[in-house]
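Undergrad: Right, I'll just put the structure down here and ask away after.
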Amino acid sequence: MSSAPRPPSANRRVQEALQLFSELQSVSIADINDGDRLRTSSAPSNIVRPAAPVAPSKPVAGKKLPSQSHVEELKHKVNVADAIMKRLHKKNQELIAQLESRGDQSAVVSGDISHVVAQLRKDIVTRDKEIQQLKSTLRSSGQRDDPIPSSSRILQQLHDAERSKLNKQYNSLAESKLEYIAQGESTGKVNKEVKLFFQAMKQKLLDDAIYYDASRAALNESLFDAEYKLASAAL
Numbered sequence: 001m002s003s004a005p006r007p008p009s010a011n012r013r014v015q016e017a018l019q020l021f022s023e024l025q026s027v028s029i030a031d032i033n034d035g036d037r038l039r040t041s042s043a044p045s046n047i048v049r050p051a052a053p054v055a056p057s058k059p060v061a062g063k064k065l066p067s068q069s070h071v072e073e074l075k076h077k078v079n080v081a082d083a084i085m086k087r088l089h090k091k092n093q094e095l096i097a098q099l100e101s102r103g104d105q106s107a108v109v110s111g112d113i114s115h116v117v118a119q120l121r122k123d124i125v126t127r128d129k130e131i132q133q134l135k136s137t138l139r140s141s142g143q144r145d146d147p148i149p150s151s152s153r154i155l156q157q158l159h160d161a162e163r164s165k166l167n168k169q170y171n172s173l174a175e176s177k178l179e180y181i182a183q184g185e186s187t188g189k190v191n192k193e194v195k196l197f198f199q200a201m202k203q204k205l206l207d208d209a210i211y212y213d214a215s216r217a218a219l220n221e222s223l224f225d226a227e228y229k230l231a232s233a234a235l
């Protein structure tokens, strides 16, 4: 038996009923979800919840890896070596400057010594000539008949020579020049030949002084004899 067709009004009511049912169903689902959330928030805090998944660990900031530490160590060694090289270079430059300065000073000292040696050689030649003249005068005075004027003149010459030459040249040259050159660092800067020359010159000056003293003593003796003869003749 076939069912009779529904009137249009019945179909419309069925559609409205289905729509109402669908709305009620969606409202019921929302109420259920709200209830779950409400129960969760009001539940005791000691309920153990599932742990959140652990994220993969990341490298801690500031912590160096082994390769980075090795690079830093190499950099430090390079910096230390560079600082050492700079200090060595600076020290080397200072030593070079000191050597150059000492070389200049040695050249100046050598020039001064050469000048002193040349002057001393001239003085010795002059003194030798004067000594020879005095010796000649002494020899000639011994051959004269009247020794008194000759002896007085020679004694005066010896006195002047001793005072002007020995005191002036020996004290000035020997003490101020020779002693200055022979002391301190200058000893190492004067070669053997120059030192021997200075010693020979000093010895010659001493010999000259002895010769003058001996000559004066001899002339004093001859003067005394001459005066004695004159006194005897007057009697």
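Per full-length UniProt numbering, the very first residue in the sequence shown carries number 1; after that it's consecutive.
Think of the CB as a built atom: it goes at the ideal place given N, C-alpha and C, for glycine as much as any other residue.
1) Classify L205 as buried or exposed, calling it buried when 16 or more other Cβ atoms lie within 10 Å of its own Cβ.
2) Where residue 236 and K75 are concerned, what is the direct C-alpha to C-alpha distance, given to the nearest angstrom?
3) Quick check: what's the CA-CA separation for L230 versus Q119?
4) Rank Q15, F198, A226 by C-alpha distance to the C-alpha of R121 and give the top, closest one.
5) Apply the 10 Å Cβ neighbour rule to V48 and answer buried if 16 or more other Cβ atoms are within range, or exposed otherwise.
6) When the Cα of V125 is compared with those of D208, Q98, A83, which residue comes out closest?
7) Buried or exposed for S69, please, with buried defined as at least 16 other CB atoms from any protein chain shown within 10 angstroms of its CB.
8) In whole angstroms, what separates the C-alpha of L223 from that of S232?
TA: For this structure:
1) buried
2) Any property of residue 236 remains undetermined from this structure, which presents the chain solely from 1 to 235.
3) 48 angstroms
4) F198
5) Legend: pLDDT at V48 = 48, less than 50; position of this residue unreliable, value from coordinates given subsequently. Label assigned to V48: exposed.
6) D208
7) exposed
8) 14 angstroms
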